[in-house]
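Q: Below is the structure I would like to discuss, written out as structure tokens.
2 protein chains.
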Amino acid sequence: MNAPARAPLMALDQALAALLERATPLAGTETVPTFDAAARVLAQDLVSALQVPPNDNASMDGYAVRTADVTAAGAVLPVSQRIPAGHAGEPLKPGTCARIFTGAPLPAGADAVVMQEDTREVGGDLHAVHIDAVPAPGQWVRRAGEDVTRGAVVLARGQRLDEAALGLAASLGLAQLPVARRPRVALFSTGDELVMPGEVPPEAMKPGAIYNSNRFFLRALLQRFGCEVSDLGIVPDRREATLAALKTAADHHDLILTSGGVSVGEEDHIKPAVQQLGGLDLWQIAMKPGKPFAYGHVRRDPGVPGAAPGDCHFIGLPGNPVSSYVTFLLLVRPFLLKLQGVSDPAALRLPPAMALRADFAVPRADKRREFLRVRRNAQGGLDLFPNQSSGVLTSTVWADGLVDNPAGTTIAPGDTVSFIALSDLLA
Amino acid sequence: MNAPARAPLMALDQALAALLERATPLAGTETVPTFDAAARVLAQDLVSALQVPPNDNASMDGYAVRTADVTAAGAVLPVSQRIPAGHAGEPLKPGTCARIFTGAPLPAGADAVVMQEDTREVGGDLHAVHIDAVPAPGQWVRRAGEDVTRGAVVLARGQRLDEAALGLAASLGLAQLPVARRPRVALFSTGDELVMPGEVPPEAMKPGAIYNSNRFFLRALLQRFGCEVSDLGIVPDRREATLAALKTAADHHDLILTSGGVSVGEEDHIKPAVQQLGGLDLWQIAMKPGKPFAYGHVRRDPGVPGAAPGDCHFIGLPGNPVSSYVTFLLLVRPFLLKLQGVSDPAALRLPPAMALRADFAVPRADKRREFLRVRRNAQGGLDLFPNQSSGVLTSTVWADGLVDNPAGTTIAPGDTVSFIALSDLLA
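Same order as they appear, the protein sequences are chains A and B. With the UniProt record's numbering, the residue at position 346 of the first sequence is 346, and numbering never jumps. With the UniProt record's numbering, the residue at position 26 of the second sequence is 26, and numbering never jumps.
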């Protein structure tokens with residue numbers, strides 16, 4: 001056998017499009033308490049059964065008036081009632097005002113609120129107030145339905161729920177929300193050299209042995225993006241056991257995720273096993289870090305009780321920690337969101353890049369599109385982590401973003417570059 | 001009683017500094033599995049007991065060589081051994097090469113790796129290869145300790161752990177991590193008008209009644225920032241019951257958080273109760289949304305078994321949902337991080353603002369510093385949510401950031417404004 005010919009590299013955008021095409025939204029929804037719905041994806045439009053605010057109401061503490069009664073500063077009006085938030089007042093008697101608090105419904109007849117700071121009490125007894133400023137109609141009044149009209153779609157199907165969205169759903173009276181079910185992901189590690197932290201102390205590590213770090217961030221990232229994770233440990237190093245492990249995982253999961261074992265020359269049992277059980281494409285993506293990447297599928301046994309219909313997805317990430325981390329955020333994240341029914345194209349693309357100033361140099365251009373680990377500095381520019389090795393996560397922990405540097409491009413200090421915030425990739 | 005005199009407004013930066021001054025890091029640490037340490041804060045420096053990589057190793061699949069043996073392209077070298085990742089090879093015999101895989105230790109004597117794509121096998125039997133490119137010493141070799149030297153502080157005390165940091169800790173062999181204990185937060189809601197979603201259907205809501213939405217996002221945000229939350233529901237509307245509820249909460253929590261009831265004219269029992277049990281300052285912050293804000297403390301009863309020593313913090317947020325949400329992110333978030341021992345000043349300030357183009361107008365200047373809800377558009381500019389009311393969270397759900405607009409400043413389309421990403425405030 002000769003060494004494989006150099007395959008043309010695949011562009012990142014092409015790889016993302018191919019992955020998203022394969023990510024058919026999962027069937028199945030569930031209803032969860034609104035309190036527990038953070039990071040889930042809405043399975044139905046939420047239509048408002050009420051208007052917000054429900055009534056015209058005061059947006060400041062003060063006095064509700066008929067503006068016709070206050071045509072000049074210095075008017076004195078008797079206080080005919082007192083309306084705290086949560087209480088409906090009586091219709092406002094002409095020639096009087098009502099003490100009113102933020103959020104309280106405006107009494108019938110009133111058309112403005114004078115804020116407390118623009119009034120003075122007459123005597124000490126709250127019977128009457130001087131109005132020191134002439135109110136315009138509608139002043140300090142929030143109109144009924146101003147924020148949400150009845151029947152409006154307030155949150156659309158496919159929306160990923162953050163804390164603010166939970167609050168918005170609650171403000172419509174919704175104590176439970178219909179959401180897409182969580183993707184079930186089986187996580188495997190590959191590599192004879194991997195040792196689990198805690199199993200062997202650093203001083204007893206054999207030559208060539210390294211601690212398995214990818215499993216830690218991959219599990220946490222999968223959970224962040226709404227998945228239910230089965231951590232299945234190290235792929236067995238015998239062919240038959242690998243086949244059996246993959247088959248069982250496929251029957252009960254939507255995605256099998258591995259890291260390592262997908263480079264051209266790498267030796268392991270997982271590539272031929274996935275080939276045999278379904279199919280596998282080895283992509284060489286024109287990006288750095290992150291070149292080797294595999295997408296495939298494993299057929300499910302339709303006879304197994306509890307097995308989902310169809311195929312289980314397979315994604316193989318590179319083994320280098322930084323490559324694995326970056327390809328997860330750029331490729332697996334949108335894949336998982338689409339599985340959950342996220343439909344907004346903006347949420348499935350790379351987050352918006354911002355044009356910032358490089359306070360560093362990259363004197364040697366790379367053949368591949370490169371994602372450099374950088375951090376915003378106090379001067380509004382970007383600093384580069386000096387060691388861009390993909391072997392440890394130090395650069396990724398230090399960084400707060402990536403510079404998306406096109407293939408064949410050098411960077412000189414002062415150049416404007418494209419910055420993608422890690423916080424956007426983790427949102 | 002006359003209406004209170006108009007107090008001078010406090011600048012946001014001043015309010016933040018005052019809050020951080022009061023946020024003494026909590027005593028108490030715990031040890032948690034690295035797998036469960038996401039969003040926690042390190043209580044000790046992590047010092048590496050090993051070097052990464054542990055040995056000089058291959059950064060590509062290919063052939064390890066002595067560069068002295070390959071002085072011209074086309075050299076043919078017999079393959080004297082095969083070194084997969086995780087296996088130590090034998091010293092490399094001069095005049096031969098070793099088949100080697102990414103991550104495998106370089107054999108003694110070898111000083112470079114020729115990548116597989118620059119070689120051709122001689123015959124079909126892997127006994128020898130043509131080397132088609134002349135390697136430079138050190139080529140495709142990662143040096144021992146290149147990424148982490150033994151004894152280096154890899155993650156510092158006070159570092160908040162994200163997924164990448166968990167991976168980095170695992171790569172040092174750490175299966176458990178020392179972290180600050182979670183702040184214990186008692187969450188109260190105030191307001192007679194508040195109804196819990198699920199308790200009353202929209203069509204049966206009384207005039208003036210609104211659903212309690214703040215509780216939903218505040219609870220989820222507190223959890224996001226590492227807190228243990230006791231949701232204590234609505235503050236009782238009787239003075240004695242309020243005093244009792246606050247006292248009990250103070251004995252067992254680090255912070256009592258409420259929303260609503262802190263405006264100048266608002267009526268409720270919580271302000272006088274906190275005054276009586278400790279102390280309370282009502283701040284009027286020169287920001288929009290979010291003017292009313294209260295900071296205080298409740299003394300703990302030293303005789304109660306299980307009560308922590310010292311005082312319990314009290315923070316009262318405004319009742320309007322957007323005001324409550326924004327003041328939480330700008331003020332409570334750094335307060336909570338400091339309680340957990342985060343010490344990096346950059347993590348306790350507002351996140352870095354980015355200069356972006358406004359594709360909207362704000363023709364009327366506000367007297368207060370304003371945080372406008374905006375979204376980045378496909379043209380690299382910012383769109384403004386048309387309804388900037390603080391009454392519903394619609395703007396906040398739609399937005400991906402805030403424009404930090406100085407007091408007294410109008411905005412015309414094309415102006416450069418300061419953008420703060422919500423993802424940074426949620427990170």
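Cβ atoms here follow ideal geometry from the backbone N, Cα and C, with glycine treated the same way.
Leaving out five residues on either side along the sequence, give the residues of the same chain with a beta carbon under 6 Å from the beta carbon of B:Ala3.
A: Note on B:Ala3: pLDDT 39, under 50, position unreliable in the model; the coordinate value appears next. So the list is empty, once near-sequence residues are dropped.
Q: Which term fits B:Lys367, buried or exposed, when burial requires 16 or more other beta carbons within 10 angstroms of its beta carbon?
A: Flag for B:Lys367 reads exposed.
Q: Are there 16 or more other CB atoms within 10 angstroms of the CB of A:Pro318, so buried, or fewer, so exposed?
A: It is buried - the Cβ of A:Pro318 has at least 16 other Cβ atoms within 10 Å.
Q: Just confirm the distance between the C-beta atoms of A:Thr29 and A:Ala209, as a whole number of angstroms; I'd bet it's less than 8 Å.
A: In fact, because the Cβ distance is near 45 Å, the residues do not count as touching under 8 Å.
Q: Relative to the alpha-carbon of B:Leu356, which residue among B:Ala412, B:Ala27 and B:Val304 has its alpha-carbon at the smallest distance?
A: Answer by Cα proximity: B:Ala412.
Q: Using a Cβ-Cβ cut-off of 8 Å (strictly less than) and excluding sequence neighbours within five positions of B:Leu50, which residues of its own chain qualify?
A: Around B:Leu50: Val148, Arg150, Leu172 and Gly173.
Q: Quick check: is the beta carbon of B:Ser323 nearer than 8 Å to any beta carbon in chain A?
A: So no, B:Ser323 is outside the interface.
Q: Looking at chain B, which residues of the segment 184-214 of chain A have a Cβ within less than 9 Å of any of its Cβ atoms?
A: Here the close residues are Gly191, Asp192, Glu193, Leu194, Val195, Met196, Pro197, Gly198, Glu199, Val200, Pro201, Pro202, Glu203, Met205, Lys206, Pro207, Gly208, Ala209, Ile210, Tyr211, Asn212, Ser213 and Asn214.
Q: Residue range of the alpha helix (DSSP H) that A:Asn214 falls in?
A: Run containing A:Asn214: Asn214 to Arg224, per the alpha helix (DSSP H) assignment.
Q: Tell me which residue opens and which closes the beta strand (DSSP E) that A:Val153 is part of.
A: Residues Val153 to Leu155.
Q: For A:Val235, which of A:Leu243, A:Glu228 and A:Gly341 has the nearest alpha-carbon?
A: Taking only the C-alpha atoms, the option nearest A:Val235 is A:Leu243.
Q: Distance, Cα to Cα, B:Leu16 vs B:Leu329?
A: Answer to the nearest angstrom: the Cα atoms are 11 Å apart.
Q: Is B:Met354 close to chain A? Criterion is C-beta to C-beta, closer than 8 Å.
A: So yes, B:Met354 belongs to the interface.
Q: If we require 4 or more residues per run, which alpha helix (DSSP H) segments fall completely within the segment 36-120 of chain A?
A: You should have found no qualifying run.
Q: When the Cα of B:Arg157 is compared with those of B:Pro351, B:Val114, B:Val70 and B:Val47, which residue comes out closest?
A: Cα-wise, what sits closest to B:Arg157 is B:Val47.
Q: According to DSSP, simplified to helix, strand and coil, what is B:Lys271?
A: Three-state result, B:Lys271: helix.
Q: Give me the chain A residues within the contact set of B:Pro78, using Cβ-Cβ distance strictly less than 9 Å, ordered along the chain.
A: Within 9 Å Cβ-Cβ: nothing; B:Pro78 doesn't reach chain A, min ~16 Å.
Q: Tell me, to the nearest whole angstrom, how far the beta carbon of B:Arg12 is from that of B:Ala286; I am working on the premise that it is less than 8 Å.
A: The question names Arg, but residue 12 of chain B in the sequence shown is Leu. Going by Cβ atoms, the distance from B:Leu12 to B:Ala286 rounds to 7 Å, so yes, they are a contact pair.
Q: Looking at the strands, I want to know which residues DSSP matches up with A:Asp383.
A: Per DSSP, A:Arg375.
Q: Can you name, in chain order, every residue of its own chain whose Cβ lies under 7 Å from the Cβ of A:Leu339, other than the five neighbours on each side?
A: Around A:Leu339: Ala23, Pro25, Leu26, Pro183 and Asp254.
Q: Span of the alpha helix (DSSP H) holding B:Trp140?
A: Per DSSP, B:Trp140 belongs to no alpha helix (DSSP H) and is neither H nor E.
Q: At least one CB of chain A closer than 8 Å to the CB of B:Val148: is that the case?
A: So yes, B:Val148 belongs to the interface.
Q: Output yes if chain B places a C-beta closer than 8 Å to the C-beta of A:Thr394; else output no.
A: True, the Cβ-Cβ gap to chain B drops below 8 Å.
Q: Counting only C-beta atoms, is B:Phe216 closer than 8 Å to chain A at any point?
A: Chain A contact via Cβ: present.
Q: Is it true that the CB of B:Leu187 sits closer than 8 Å to the CB of B:Leu232?
A: Result yes, Cβ atoms of B:Leu232 and B:Leu187 sit closer than 8 Å.
Q: Where does the unbroken alpha helix (DSSP H) through residue 439 of chain A begin, and where does it stop?
A: As shown, chain A starts at 1 and ends at 427. That puts residue 439 of chain A outside it, with no answer to give.
Q: Considering A:Thr327, what are the terminal residues of the beta strand (DSSP E) in which it resides?
A: Element bounds for A:Thr327: not the beta strand (DSSP E) but the alpha helix (DSSP H), Pro321 to Thr327.
Q: Quick check on the burial criterion: 16 or more other C-beta atoms within 10 angstroms. Buried or exposed for A:Thr71?
A: Exposed: under 16 other Cβ atoms inside 10 Å.
Q: I need the straight-line Cα distance from B:Arg239 to B:Leu194, nearest angstrom please.
A: Their backbone Cα atoms lie some 18 Å apart in a straight line.
Q: Contact check, A:Pro316 vs A:Ala294 under 8 Å by CB: the rounded distance?
A: Before going further, note that residue 316 of chain A is Gly rather than Pro in the sequence given. Their Cβ separation, rounded to whole angstroms, is 3 Å, which keeps A:Gly316 and A:Ala294 in contact under 8 Å.
Q: Restricting to Cα atoms, I'd like to know which of B:Thr248, B:Thr258 and B:Leu106 is closest to B:Gly191.
A: Of B:Thr248, B:Thr258 and B:Leu106, the residue nearest in Cα terms is B:Thr258.
Q: Here's the rule I'm using: 16 or more other beta-carbon atoms within 10 Å means buried, otherwise exposed. How should B:Gly123 be labelled?
A: With fewer than 16 Cβ atoms within 10 Å of its Cβ, B:Gly123 is classed as exposed.
Q: Compute the Euclidean distance between the alpha carbons of B:Arg364 and B:Val374, then round it to the nearest angstrom.
A: If you take the alpha carbons of B:Arg364 and B:Val374, they lie about 17 Å apart.
Q: For A:Ala3, which of helix, strand or coil comes out of DSSP?
A: Residue confidence for A:Ala3 is low, a pLDDT of 38 falling below 50, so the modelled location carries little weight and cannot support an answer.
Q: Please report the straight-line C-alpha distance between A:Ala152 and A:Asp400, rounded to a whole angstrom.
A: Using only the alpha carbons, I get a separation of about 38 Å.
Q: Classify B:Pro8 as buried or exposed, calling it buried when 16 or more other Cβ atoms lie within 10 Å of its own Cβ.
A: Classification for B:Pro8: exposed.
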